[in-house]
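Reading through the structure tokens given below for one structure.
Numbering (my numbering), first residue to last: 2 to 159.
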């Protein structure tokens with residue numbers, strides 16, 4: 002049986018993107034995002050939010066532009082795949098592992114020019130940084146809950 006590994010996430014950055022370069026001069030951008038799950042508490046009847054924190058890595062030509070236009074607290078939309086790293090702990094703590102997302106594509110989201118959003122095009126690979134038109138950025142009021150805006154819209158980007 003074949004496998005399928007695809008992740009689509011939209012949330013806010015929990016820290017500024019960090020860019021490093023390999024010996025071969027390939028860029029690697031690492032950052033974290035918080036994705037909120039909104040639900041109604043059955044006991045109290047109140048709406049609650051539960052954050053999930055996800056580590057993300059972008060390799061190659063898409064890494065530097067992402068870091069240039071994103072910072073802590075800003076919204077982001079990424080598509081990628083799950084990866085699992087395993088290693089032996091240096092201090093004799095046994096085997097360790099970490100599940101994270103490798104982003105293959107990213108898209109600007111946000112309320113407009115004030116937030117640094119550059120449109121709704123998907124950032125695709127390639128040295129030229131070509132982007133395809135298409136998606137729409139929500140006309141936000143600066144609130145950090147972009148996911149709720151997309152849920153309320155009739156024409157979601159997914």
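Glycine is no exception: its CB is placed at the ideal position from the N, C-alpha and C atoms.
Looking only at 48, 39 and 59, the smallest Cα-Cα distance to residue 107 is reached by 59. For residue 68, there is no enclosing beta strand (DSSP E); the residue is found in the alpha helix (DSSP H) stretching over 64 to 70. For residue 31, the uninterrupted beta strand (DSSP E) segment begins and ends at 28 to 41.
The beta carbons of residue 81 and residue 103 sit about 5 Å from each other, so the pair counts as a contact at 8 Å. Inter-residue distance for residue 12 and residue 49 is about 16 Å (C-alpha atoms, whole angstroms). Going by beta carbons, residue 51 and residue 37 fall inside the 8 Å limit. If you look at residue 81, you'll find it in the beta strand (DSSP E) that goes 76 to 89. A buried status is given to residue 79, since no fewer than 16 other beta-carbon atoms sit within 10 Å of its beta-carbon. Counting C-beta pairs closer than 8 Å gives fewer than three between the region 62 to 70 and the region 83 to 90, which falls short of the contact rule. In terms of Cβ geometry, residue 21 and residue 32 do not form a close pair [threshold 8 Å].
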